[in-house]
Structures are given as C-alpha cells and as structure tokens.
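Protein chains: 2
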Amino acid sequence: MTDQLSTTDAILAEISFDPAGLVPAIAQQHDTGEVLMVAWMNADAVRETLFTGQVCYWSRSRQALWRKGESSGQTQQLVEARIDCDGDTLLLLVDQTGVACHTGRRTCFYRAVRDGKLVTISEPAVDPADLYGG
Amino acid sequence: MTDQLSTTDAILAEISFDPAGLVPAIAQQHDTGEVLMVAWMNADAVRETLFTGQVCYWSRSRQALWRKGESSGQTQQLVEARIDCDGDTLLLLVDQTGVACHTGRRTCFYRAVRDGKLVTISEPAVDPADLYGG
Chain A
665 MTDQLSTTDA
675 ILAEISFDPA
685 GLVPAIAQQH
695 DTGEVLMVAW
705 MNADAVRETL
715 FTGQVCYWSR
725 SRQALWRKGE
735 SSGQTQQLVE
745 ARIDCDGDTL
755 LLLVDQTGVA
765 CHTGRRTCFY
775 RAVRDGKLVT
785 ISEPAVDPAD
795 LYGG
Chain B
665 MTDQLSTTDA
675 ILAEISFDPA
685 GLVPAIAQQH
695 DTGEVLMVAW
705 MNADAVRETL
715 FTGQVCYWSR
725 SRQALWRKGE
735 SSGQTQQLVE
745 ARIDCDGDTL
755 LLLVDQTGVA
765 CHTGRRTCFY
775 RAVRDGKLVT
785 ISEPAVDPAD
795 LYGG
C-alpha cells in the first residue's frame, strides 16, 4: 500500500497541473480508438483512478470528485494511462460501459463540420433521462 | 468566399472559447485512431484550419499562429473537424505527415503507466534536431 502510493506520487510529479490544480484527460476506447470525451482531473482524481482502475474525474461545476458512472452505471475501466511530452495532458485508454456522453451518445464528439456546416453524426443509444446526469 | 466565411463564423459561434479565447484541440490520425497531440486554437486558428485544410494552432508560448509543420514539414492535413457536446473541445481527424511530437515521435503520448511506473513506450522515428521545433 505504501509502495503503491509512493509510486503514484512519482507519477503525479510528472504531471503539469494548471494553476487551478487540474489537468485535462482524454478518454479513448482502448480497442476501437474512438475518442469518447475530455474531462478534468486533479491530483486526487488521478490517484484514485490509478489506485482503483475506475476512472474518476474532477467536476469543475460541482467542485467535487466525479466517479464516472457512479449514478448512471456508465463507468470507465482504466486500461492504461498515458501522458504527453510536456506532461500537461493525460490520455486514458478505457473500456467504456454503455455511453460516455450525457446526451446518451457513445461519444461526446457527435457533431462534425461537413460541407461547411456543423451536423450531428450520431444519435443517442440510451435515453438521456435514464442517465441521471451521471 | 463570403458564403464560406459566414458558415465558418456559424461554426465558431458553437465553440465555447475559454476566457483567454482558446479551445483545446485533439489531433487524431484519421485512419488508425492514434491520438497524436493536444494543442490550443483561437478563433483565427480555427478559421484558417477550416479554410485551408491545413491544421493551424495558437502557440501560447509564442503568442502567435502556429502553422503545424511550417518549418519542420510535419504537417497535419485536416480530414474532419468535430466538436464535443458542450462545445469546449475540438477533435481534429487529420492525416499526419511524419511525426507529431517535437521529440521526433509519432505521438506526444509516448509515456505510459505500467506496473505502477511511468515508462517510455515508443522511440523517436525522426531526429528531433531535424524538426527545427516546428
């Protein structure tokens, strides 16, 4: 336990948190490569995610740890955490249960510029009312 | 030209730029799904990227438009631009020429947490000295 915490702290030391103590994290489905969402993590969220293997973000609106899927069941199991060259962005390879987006879509990136217009390219797979904002 | 500019402005209106007028953009190789890098764009960078089809960021360190690959030749051709549900992150599907990272690696995300340690998982494909910081 002590060893695990200290190696996690060594990893945290490589992350350049912004002045608010946050770092953006990209969640990518590990096998398909689909980019699912981007959210923020503070040191506690990183620590919890590495320790439990379940992705936990920091909710800027609620100012609280956001255990992804805790209320909705749409959890993200961590497959691998990566960090970029300057340490200011994380890439989380995950196994997404259900959908990542609060709109009920698999990915938050469901709008694309095509023929000069912003169009919706995927529809909800789950009724957002069933997600409880989780 | 006028039409193209006005539709671009309609797209810009959907982007939630931060207080500094910036939005993070993820570059992803369009066919392999590899996440290459994350950088920032301001409205001018978005406009130029959509207009030219060559990815242009905003360099926070240089406080100037950063035409990716202009000096290094490691350009990113835009395949499709996407935006997330709350409009505060862009996902750029690109065709990366050469390498995205200034270290000479294909991707900036070349360090991963494995067995509780941060390890390097890919080596440079290009000598960084040949990239001119571009």
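In order, the protein sequences belong to chains A and B. Per my numbering, the first sequence starts with residue 665, numbered consecutively. Per my numbering, the second sequence starts with residue 665, numbered consecutively. Glycine residues also receive a C-beta, built at the ideal position from the N, C-alpha and C atoms.
When you compare only the Cα positions, how much space is there between residue i and residue j?
{"i": "A/MET701", "j": "B/VAL710", "result": "20 Å"}
{"i": "B/THR696", "j": "A/LEU729", "result": "33 Å"}
{"i": "B/TYR721", "j": "B/ASP682", "result": "15 Å"}
{"i": "A/GLN741", "j": "B/GLU744", "result": "28 Å"}
{"i": "B/VAL790", "j": "A/ASP791", "result": "47 Å"}
{"i": "B/SER786", "j": "B/SER670", "result": "43 Å"}
{"i": "A/ALA776", "j": "A/THR784", "result": "6 Å"}
{"i": "A/GLY717", "j": "A/LEU757", "result": "11 Å"}
{"i": "B/ASP794", "j": "B/PRO788", "result": "12 Å"}
{"i": "A/GLY768", "j": "B/CYS749", "result": "11 Å"}
{"i": "B/VAL719", "j": "A/GLN760", "result": "29 Å"}
{"i": "A/LYS781", "j": "A/SER680", "result": "36 Å"}
{"i": "A/GLY751", "j": "A/SER735", "result": "31 Å"}
In terms of alpha-carbon separation, which member of the options lies closest to residue i?
{"i": "B/LYS732", "options": "B/ALA691, B/ILE785 and B/GLY780", "result": "B/ALA691"}
{"i": "B/SER725", "options": "B/TRP704, B/LEU714, B/CYS749 and B/THR753", "result": "B/TRP704"}
{"i": "B/VAL699", "options": "B/ALA689, B/ALA707 and B/ASN706", "result": "B/ALA689"}
{"i": "B/ASN706", "options": "B/VAL777, B/GLN727 and B/CYS749", "result": "B/GLN727"}
{"i": "A/GLY762", "options": "A/GLY737, A/ILE747 and A/PHE715", "result": "A/GLY737"}
{"i": "B/LEU676", "options": "B/GLN760, B/THR753, B/THR767 and B/GLY768", "result": "B/THR753"}
{"i": "A/ARG778", "options": "B/ASP708, B/PHE773 and B/ILE747", "result": "B/ILE747"}
{"i": "A/PHE715", "options": "A/GLU678, A/SER680, A/GLY685 and A/ASP673", "result": "A/ASP673"}
{"i": "B/HIS694", "options": "B/HIS766, B/CYS765, B/LEU755 and B/CYS772", "result": "B/LEU755"}
Just reading off the beta strand (DSSP E) that residue i is part of, what are its end residues?
{"i": "B/ALA709", "result": "From DSSP, B/ALA709 is part of no beta strand (DSSP E) but of the alpha helix (DSSP H) over 707–716."}
{"i": "B/THR784", "result": "781–784"}
{"i": "B/GLY777", "result": "Residue identity check: residue 777 of chain B is Val in the sequence provided, not Gly. 775–778 is the extent of the beta strand (DSSP E) around B/VAL777."}
What does residue i pair with, by DSSP beta-bridge criteria?
{"i": "A/GLY759", "result": "Correcting the residue type first, residue 759 of chain A is Asp in the shown sequence and not Gly. A/GLN741."}
{"i": "A/VAL687", "result": "A/MET705"}
{"i": "B/TYR721", "result": "B/TRP730"}
{"i": "B/ILE675", "result": "Bridge partners of B/ILE675: none, in fact."}
{"i": "B/ARG746", "result": "A/ALA776 and B/LEU755"}
{"i": "B/VAL699", "result": "B/GLN692"}
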